[in-house]
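Data first, discussion second: the structure below is written as structure tokens.
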Amino acid sequence: LSTTDSNDVSQIRFSTDDSNWSSAENYSPIKSYTLASDGTKAVYVQFADSAGNWSSSYSDSITLDTISPLVSSATSTTADGYYISGSAIDVTVNFSEPVSTNGLTITLSTGVTVTTGALSNVTTWSGTYTVGAGNASSDLTINSIAGTIVDLAGNSTTNPTVPSGQNISDSRNIIVDTTSPTITNAT
51 LSTTDSNDVS
61 QIRFSTDDSN
71 WSSAENYSPI
81 KSYTLASDGT
91 KAVYVQFADS
101 AGNWSSSYSD
111 SITLDTISPL
121 VSSATSTTAD
131 GYYISGSAID
141 VTVNFSEPVS
151 TNGLTITLST
161 GVTVTTGALS
171 NVTTWSGTYT
181 VGAGNASSDL
191 TINSIAGTIV
201 DLAGNSTTNP
211 TVPSGQNISD
221 SRNIIVDTTS
231 PTITNAT
């Protein structure tokens, strides 16, 4: 905070509505001010000189974000059905807000991992899982996610989880079957 006045600025006060002001206090160019809750807030300030004259209001918007980012869901654009070795299956992870990461390792119910690589300010990531020999799952799902996601405010979540009822298997019936049929009896 800075101001100039021929009579020297001596006091300062704050408001969140430009109407109800905090008690006047000695002017300082640095001030801690506690906001009540997360979100974008307007903060107003007025300055008083040594003669007691208050300035007009000045304001700025401040976004307070203390909530860590989350995985909101996991989905797939791949159609329901059976998939064999060599098949390409879309895996999509949705986040609660824009996130960045150095990379995530996603473990699928087949035991295979898919990696994202570095991400920057994304709300969705999509990648391709290519079914390999020996892979199997009766209903493809994400078992775990390893890594750290960070939102624009610097809040982080390590090893985020997919919420119950929001995994791939909750909206799709993707069956991975790479086992060839065997003949048990031939006559």
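Quick note: the sequence shown, position 120, residue 170 per my numbering, numbers continuous. For every residue, glycine included, the Cβ atom is placed at its ideal position computed from N, Cα and C.
If residue 144 and residue 125 are in contact, beta carbons under 8 Å, what's the gap, nearest whole angstrom?
Residue 144 to residue 125, Cβ: 7 Å. Contact.
Taking just the CA atoms, how far does residue 99 sit from residue 105?
Rounded to whole angstroms, residue 105 to residue 99 spans 8 Å at the Cα level.
I'd like to check one pair, residue 199 with residue 210: are the Cβ atoms closer than 8 Å?
Yes, the pair counts as a contact, with Cβ atoms nearer than the cut-off.
Roughly how many whole angstroms lie between the Cα atoms of residue 213 and residue 155?
Their backbone Cα atoms lie some 17 Å apart in a straight line.
Specify the secondary structure class of residue 229 as computed by DSSP and reduced to three states.
It is coil, neither helix nor strand.
Note down the Cα distance separating residue 56 from residue 103, rounded to an integer number of angstroms.
Since pLDDT at residue 56 reaches only 48, below the 50 mark, its modelled position is unreliable, and the value read off the structure follows with that caveat. If you take the alpha carbons of residue 56 and residue 103, they lie about 12 Å apart.
Is the stretch 153 to 170 touching the stretch 179 to 198 in the sense that three or more CB pairs, one from each, lie closer than 8 Å?
The stretch 179 to 198, when compared against the stretch 153 to 170, does touch it at the 8 Å Cβ threshold.
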